[in-house]
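What follows is a short report on a single structure.
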Amino acid sequence: MNIAREVATRSTCDRKFVGAVVVRDRSILATGYNGSIRGLAHCDEEGHLMEDNHCVRTVHAEANAIVQAARNGVRIEGASIYVTASPCWGCFRLIANAGIARIVFGEFYRDKKIFEVSQKIGIELVDFSTHHANKSVATPSPEIA
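Take the sequence shown: its position 79, counting from 1, is numbered 78 in numbering that gives the first Met the number 0, and each next residue is one higher.
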């Protein structure tokens, strides 16, 4: 999760700094952070593009991590994704269809339906804040230790 938090510092939308790291067998496969479409201006350059109280200028961290893996030919099926915030419904659908088996999130964001659907389709959801409540944040996960 510490690596996901570090990746989040690269976010270019100051409404929510989110980072994602895709991991399998203690190896980082891909990372992503929220930022604008490749080649377009970022929120920190031109401001937010708001619709229904959400900035739509950005591509979410989870989507960017999945895209990075695809662009580089990295297979992520069966992997875990560490995200600083739980995925929105759109990102959850991408994660599910990418075949990612486990989502570890740092804080709840907004879409509760991911909990019900993850159980139906067999994706493990782990709330890092409660799962590691009695452990040091600096303690590495067994996945990336």
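A virtual CB, placed ideally from N, CA and C, is assigned to each residue, including glycine. Keep in mind that this is a model prediction, so the values were computed, not measured.
Check: Runs of beta strand (DSSP E) lying entirely within the region 36-118, each at least 3 residues, in chain order; Outcome: 79-82, 101-104
Check: Sheet register partners of S26 (DSSP bridge); Outcome: R23
Check: 8 Å contact criterion, which E61 and A7 should meet: CB distance rounded; Outcome: Contact flag wrong, Cβ pair sits at about 12 Å.
Check: Where V125 falls: helix, strand or coil (DSSP); Outcome: strand
Check: Alpha-carbon to alpha-carbon, A68 and R74; Outcome: 7 Å
Check: N1: first and last residue of the uninterrupted alpha helix (DSSP H) it sits in; Outcome: 1-7
Check: Pair within 8 Å by beta-carbon distance, V82 and V17; Outcome: yes
Check: Three-pair Cβ contact test at 8 Å for the region 26-35 versus the region 48-59; Outcome: yes
Check: Min CB distance E106 to chain B below 8 Å; Outcome: In the structure shown, chain B cannot be found, because there is only a single protein chain.
Check: Nearest candidate by alpha-carbon position, reference N71, set R23, R14, R25, T30; Outcome: T30
Check: Spatial distance of S10 from I122 (CA atoms); Outcome: 26 Å
Check: G89 burial status per 10 Å Cβ neighbour count (16 or more: buried); Outcome: exposed
Check: Identity of the residue in F114, S85, I120 nearest F104 by Cα; Outcome: S85
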